[in-house]
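As structure tokens, the structure follows; a few thoughts come after it.
Protein chains: 2
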Amino acid sequence: MAIRPAEQLIHKAAWLYYAHGLRQDEVATQLNISRASVAMYLRKARETGIVNISTSTQLFTDDVMARKLEDALGLDAVWIAPANAYLADPSTDIAVLAASVFLELVKKGDRIGVAWGRTVYTIADIMSFADLQDVTVVQLCGNLGAPYSYRPDQCTMEIARRLNAKGLNFYAPLVLSTEELAKSLRAEPVIREQLAGIGDCNLALFSVGTVDADSHVVKCGALDPAEMAALRGRGAAGVIAGQIIDVRGEALDCSYNRRVISAELGSLRSIEKRLMVVQEDTKFEPLLAALAGGLCTHLVIGAHMAERLLEQAGEAGKKAS
Amino acid sequence: MAIRPAEQLIHKAAWLYYAHGLRQDEVATQLNISRASVAMYLRKARETGIVNISTSTQLFTDDVMARKLEDALGLDAVWIAPANAYLADPSTDIAVLAASVFLELVKKGDRIGVAWGRTVYTIADIMSFADLQDVTVVQLCGNLGAPYSYRPDQCTMEIARRLNAKGLNFYAPLVLSTEELAKSLRAEPVIREQLAGIGDCNLALFSVGTVDADSHVVKCGALDPAEMAALRGRGAAGVIAGQIIDVRGEALDCSYNRRVISAELGSLRSIEKRLMVVQEDTKFEPLLAALAGGLCTHLVIGAHMAERLLEQAGEAGKKAS
DNA sequence: GGCCAAATTTGACTTTTGTCGAGAGCCGTG
DNA sequence: CACGGCTCTCGACAAAAGTCAAATTTGGCC
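Heads up: the protein sequence lines correspond to chains B and U, in order. If you're matching positions, the first sequence starts at 425 in the working numbering and goes up one per residue. If you're matching positions, the second sequence starts at 425 in the working numbering and goes up one per residue.
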């Protein structure tokens with residue numbers, strides 16, 4: 425044969441196969457070589473970039489970004505609510521998407537852990553009804569004593585109602601005044617059972633809170649702004665199911681956390697599917713902390729947040745290499 | 425906004441398969457669907473252009489003959505589709521090549537002028553999808569009143585659709601019954617604007633037509649066979665964007681040309697990259713005329729035509745010297 | 001609420017593709 | 001001129017992908 429058949433033949437094989445849609449054996453016949461060689465040429469063609477296989481980028485920006493985030497963060501699934509410039513409130517968008525996603529994740533016979541917060545309540549509120557059999561919705565954290573708009577038990581019950589599921593509420597306050605009391609309460613059979621049951625969940629729905637004066641734990645009176653500031657100084661990065669986490673996504677070692685009645689992060693992590701929803705762009709650091717701690721497997725965020733996250737992941741990747 | 429499970433899944437499947445190189449059964453496991461569904465999703469992904477497979481057309485310009493033609497004709501680039509005796513239809517070959525070449529020439533932000541004809545429509549039809557940003561496809565000539573298979577607006581819209589570009593149609597017939605009417609129509613703001621916009625294009629795609637009874641302008645009723653024969657006697661050598669050109673590649677001085685609403689040859693020539701595609705061997709004379717007029721800068725032809733062209737050029741060179 | 005049509009999904013089957021070791025051709029070297 | 005080392009090629013097998021009819025689900029409609 426010729427001196428350097430490689431390049432020319434690779435091109436021709438690639439052309440006939442990819443542009444003309446011929447089968448490999450047809451290409452082999454055309455070029456008078458064996459089909460095995462054709463297969464090899466085609467691999468080389470792909471390797472050297474003579475043929476280019478790319479997934480669409482502009483037309484499905486959000487989908488592509490979601491796939492990239494799944495890869496970068498090691499999550500099972502990411503959904504991104506598109507940035508609709510014309511919509512006044514993008515957070516509603518996220519909640520609507522989250523509700524759809526949540527309903528898709530629920531299967532009959534599931535046991536679902538639900539945390540509390542404005543985000544979760546919004547989702548519950550717009551969620552459509554579904555008649556699922558044999559579903560249980562359990563509350564992931566204790567209740568707030570003070571009257572507050574988005575109470576944990578409300579979130580649980582509303583979601584249970586919409587799913588036609590059984591709701592299991594926590595009969596304890598979220599936070600107690602002393603560590604001893606919290607400890608004793610946790611030891612109570614009713615409470616202990618409830619806490620133990622969290623590990624049996626196979627789906628969880630929660631958001632992540634900020635650690636500033638606007639935080640829900642502050643607004644509901646569980647912590648006062650000064651305490652929160654102090655905790656922030658000691659490494660608090662976010663709030664998950666009423667507990668303070670640090671940048672690594674681990675429970676912060678502090679009195680407050682010890683006084684809280686809530687799902688341990690460990691039992692949370694043992695839940696198979698953990699859907700976290702973040703609406704506000706201000707929750708970037710808390711989101712990072714939660715991700716660092718591997719607290720969620722499924723994520724719903726807005727396009728803007730997705731971009732920031734991807735940038736961050738890119739930088740982290742650069743540093744690592 | 426509701427989530428579209430189908431599109432999401434298609435995209436995710438395509439991503440895992442093409443970007444990650446997973447096998448179809450692995451993708452199926454990941455997405456909890458059957459492998460057969462994955463296969464179907466992937467076909468849809470290819471069909472809708474979510475994934476894009478393109479091959480380099482380098483091979484066809486690297487050809488020795490292509491180089492010679494570039495030199496002899498003073499063109500920027502020539503692609504030659506090899507004469508594949510075994511392939512059923514060599515003209516398909518040319519169209520496939522032309523489509524690839526065209527896609528390689530298009531850059532984001534481009535403004536593309538598209539003429540009409542069987543060749544152009546064939547190219548549009550087999551062209552793969554690409555989602556380019558900020559691309560506009562403009563129609564180079566008026567529409568055909570009569571119902572005819574390869575209408576100018578169809579060519580424009582189909583190409584625009586495949587490129588995810590904006591399509592700009594001409595709201596005028598290709599040819600009018602009187603010169604006066606054509607003149608008045610050209611003066612209409614809408615039309616004038618469109619005609620002026622042609623000069624802003626930086627890429628054009630067109631073919632060249634014959635001047636016999638089989639010509640498109642005859643078949644679509646713009647001219648009757650007798651008129652065409654008469655024009656031929658007066659020096660008509662080809663048809664470009666609905667206009668009759670003589671052997672020098674200039675617009676023939678005739679009533680028909682004055683009654684046509686189309687891109688002036690001058691504005692056509694002011695377009696930076698002008699890709700001409702010729703499929704049929706019968707179009708040799710029209711091709712020569714178009715080349716003489718410097719109407720194209722990039723050329724896609726078949727091997728047979730290339731040979732004839734090279735012979736011709738050789739003779740011309742001899743005569744000149 | 002129940003029914004029909006359309007679309008989707010599946011399992012089983014066929015076809016196509018990827019891969020591997022064996023063998024053939026080529027070339028510089030001893 | 002014979003010899004290994006080298007790459008390229010082939011045949012055969014295993015793996016993967018494509019296909020199709022049947023079953024199931026979905027969604028619209030009365």
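Using N, Cα and C, we set each Cβ at its ideal position, and we do this for glycine too. None of the values given here were measured: they were computed from a predicted structure.
As assigned by DSSP and simplified to three states, the class of GLY621 of chain B: The residue given as residue 621 of chain B occupies position 197 in the first sequence. It is helical.
Rounded straight-line distance, which links the Cα of THR560 of chain U to that of GLY591 of chain B: Numbered from its first residue, the first sequence carries residue 591 of chain B at position 167. Numbered from its first residue, the second sequence carries residue 560 of chain U at position 136. Taking the straight line joining both Cα atoms gives about 56 angstroms.
Residue nearest to ALA665 of chain B in terms of C-alpha spacing, selected from B:THR580, B:GLU617, B:LEU587 and B:ALA727: Here residue 665 of chain B refers to the residue found at position 241 when the first sequence is read from its first residue. For the set B:THR580, B:GLU617, B:LEU587 and B:ALA727, the Cα lying nearest the Cα of ALA665 of chain B is the one of B:THR580.
Buried or exposed by the 16-neighbour rule on C-beta atoms within 10 Å, applied to THR453 of chain U: For the purposes of this step, residue 453 of chain U is taken as the residue at position 29 of the second sequence. THR453 of chain U comes out exposed.
Three or more C-beta pairs below 8 angstroms linking the stretch 532 to 547 of chain U and the stretch 631 to 638 of chain U: Flag = yes, the stretch 532 to 547 of chain U and the stretch 631 to 638 of chain U touch.
Within chain B, the residues that VAL538 of chain U reaches when beta carbons sit closer than 8 angstroms: Numbered from its first residue, the second sequence carries residue 538 of chain U at position 114. One finds nothing in chain B with a Cβ atom closer than 8 angstroms to the Cβ of VAL538 of chain U; even the nearest lies about 21 angstroms away.
Candidates U:GLN432, U:GLY473, U:ARG693 and U:PRO710, of which the one nearest LEU564 of chain U by Cα: As a working note, residue 564 of chain U is residue 140 in the second sequence. Cα-wise, what sits closest to LEU564 of chain U is U:ARG693.
Assigned exposure category for PHE526 of chain U - 16 Cβ within 10 Å defines buried: As a working note, residue 526 of chain U is residue 102 in the second sequence. A residue is called buried once 16 or more other Cβ atoms fall within 10 Å of its Cβ, and PHE526 of chain U is buried on that count.
Backbone CA spacing between THR721 of chain B and ASN476 of chain B [nearest angstrom]: One-based indexing of the first sequence puts residue 721 of chain B at position 297. One-based indexing of the first sequence puts residue 476 of chain B at position 52. Going from the Cα of THR721 of chain B to the Cα of ASN476 of chain B covers about 32 angstroms.
Coil, strand or helix - ASP534 of chain U by DSSP: As a first step, residue 534 of chain U must be located in the second sequence, where it is residue number 110. Residue state, collapsed to three classes: coil.
Any C-beta of chain U under 8 angstroms from that of ASN476 of chain B: In the first sequence, residue 476 of chain B corresponds to position 52, counting from 1. Taking CB atoms only, ASN476 of chain B has a neighbour in chain U less than 8 angstroms away.
Reduced DSSP category for LYS436 of chain B - H, G, I as helix; E, B as strand; rest coil: Position 12 of the first sequence, counted from the first residue, corresponds to residue 436 of chain B. It is helical.
Own chain residues within Cβ distance below 7 angstroms of PRO429 of chain U, not counting five before or after: The residue you call residue 429 of chain U lines up with position 5 of the second sequence. Note on PRO429 of chain U: pLDDT 49, under 50, position unreliable in the model; no value is reported.
Per-residue DSSP class, three states only, for PHE526 of chain U: Within the second sequence, the letter at position 102 stands for residue 526 of chain U. For PHE526 of chain U, the three-state secondary structure derived from DSSP is helix.
Interface flag, ARG491 of chain B vs chain U, CB-CB below 8 angstroms: For the purposes of this step, residue 491 of chain B is taken as the residue at position 67 of the first sequence. Cβ-Cβ to chain U under 8 angstroms: yes for ARG491 of chain B.
Proximal residues, the stretch 520 to 545 of chain U versus chain B, C-beta separation under 8 angstroms: Of all residues in the stretch 520 to 545 of chain U, VAL520, LEU521 and SER524 have a Cβ within less than 8 angstroms of some Cβ in chain B.
Whole-angstrom C-beta distance between LEU587 of chain B and ALA554 of chain B, which should lie under 8 angstroms: Counted from its first residue, the first sequence places residue 554 of chain B at position 130. Counted from its first residue, the first sequence places residue 587 of chain B at position 163. In this structure ALA554 of chain B touches LEU587 of chain B by the C-beta definition: roughly 5 angstroms separates them, less than 8 angstroms.
Min CB distance THR418 of chain B to chain U below 8 angstroms: No information on residue 418 of chain B is available, as it lies outside the stretch 425 to 745 that chain B covers here.
Proximal residues to ILE427 of chain U (C-beta, below 6 angstroms), its chain only, five neighbours per side dropped: For the purposes of this step, residue 427 of chain U is taken as the residue at position 3 of the second sequence. Since pLDDT at ILE427 of chain U reaches only 37, below the 50 mark, its modelled position is unreliable, and no value is offered.
Chain B contact for VAL578 of chain U (CB, 8 angstroms cutoff): Taking the first residue of the second sequence as 1, we reach residue 578 of chain U at position 154. This sequence places Gln at residue 578 of chain U; Val is not what is there. False, the Cβ-Cβ gap to chain B never drops below 8 angstroms.
Cutoff 8 angstroms: TRP439 of chain U Cβ touching any chain B Cβ: Sequence index remark: in the second sequence, residue 439 of chain U carries index 15 (1-based). Judged by the 8 angstroms Cβ criterion, TRP439 of chain U is in contact with chain B.
Bridge partner(s) assigned by DSSP for THR560 of chain B: For the purposes of this step, residue 560 of chain B is identified with residue 136 of the first sequence, where counting begins at 1. Its beta-bridge partners are B:ARG535 and B:LYS590.
Residues in the stretch 441 to 453 of chain B having any Cβ partner in chain U nearer than 7 angstroms: Taking 7 angstroms as the Cβ-Cβ cut-off against chain U, the residues of the stretch 441 to 453 of chain B that qualify are TYR442, ALA443 and HIS444.
Rounded separation between THR485 of chain U and GLY473 of chain B - CA only: Against the second sequence, residue 485 of chain U aligns to sequence position 61. Against the first sequence, residue 473 of chain B aligns to sequence position 49. Spanning the two alpha carbons is a distance of roughly 17 angstroms.
Contact list for ASP500 of chain U against chain B, beta-carbon separation under 8 angstroms: Taking the second sequence and counting its residues from 1, one reaches residue 500 of chain U at position 76. None at all; the shortest Cβ gap to chain B is about 21 angstroms.
Contact under 8 angstroms by Cβ, LEU627 of chain B with ILE685 of chain B: Numbered from 1 along the first sequence, position 203 holds the residue referred to as residue 627 of chain B. Numbered from 1 along the first sequence, position 261 holds the residue referred to as residue 685 of chain B. Not closer than 8 angstroms, so no.
Residues sharing a beta bridge with TRP540 of chain B, DSSP: On the first sequence, position 116 is the one that residue 540 of chain B refers to. DSSP links TRP540 of chain B through a beta bridge to no other residue.
Cβ pair count under 8 angstroms reaching 3, the stretch 673 to 684 of chain U against the stretch 612 to 619 of chain U: Using a C-beta cut-off of 8 angstroms, the stretch 673 to 684 of chain U makes no contact with the stretch 612 to 619 of chain U, since fewer than three inter-stretch Cβ pairs fall below that distance.
7 angstroms Cβ shell around SER639 of chain B - same chain, five flanking residues per side excluded: Taking the first sequence and counting its residues from 1, the one referred to as residue 639 of chain B is at position 215. Same-chain partners within the cutoff: GLY633, MET652 and VAL663.
Alpha-carbon to alpha-carbon, ASP558 of chain B and ASP534 of chain B: Residue 534 of chain B sits at position 110 when you count from the first residue of the first sequence. Residue 558 of chain B sits at position 134 when you count from the first residue of the first sequence. Using only the alpha carbons, I get a separation of about 7 angstroms.
Nearest residue (CA-CA) to ARG682 of chain U, options U:ILE668, U:ALA584 and U:GLY718: Start at 1 with the first residue of the second sequence, and residue 682 of chain U comes out as number 258. Distances from the CA of ARG682 of chain U to each of U:ILE668, U:ALA584 and U:GLY718 were compared; the closest alpha carbon is that of U:ILE668.
Exposure label - ASN456 of chain U; buried when at least 16 CB within 10 Å: On the second sequence, position 32 is the one that residue 456 of chain U refers to. Exposed, because fewer than 16 other Cβ atoms sit within 10 Å of the Cβ of ASN456 of chain U.
Short CB-CB distance (under 8 angstroms) between ASP705 of chain U and chain B: Residue 705 of chain U sits at position 281 when you count from the first residue of the second sequence. Between ASP705 of chain U and chain B, the shortest Cβ-Cβ separation is not below 8 angstroms.
The stretch 548 to 560 of chain U: positions lying closer than 7 angstroms to chain B by Cβ: Under the 7 angstroms Cβ criterion, the stretch 548 to 560 of chain U contributes ASP555 and GLN557.
7 angstroms Cβ cut-off: residues of chain B touching LYS436 of chain U: Reading the second sequence from its first residue, position 12 is the one you call residue 436 of chain U. Within chain B, the residues whose beta carbon sits less than 7 angstroms from that of LYS436 of chain U are ARG491, listed in sequence order.
Proximity test, Cβ basis, 8 angstroms: LEU433 of chain B and chain U: On the first sequence, residue 433 of chain B is found 9 positions in, with the first residue counted as 1. Interface criterion not met: the Cβ of LEU433 of chain B is under 8 angstroms from no Cβ in chain U.
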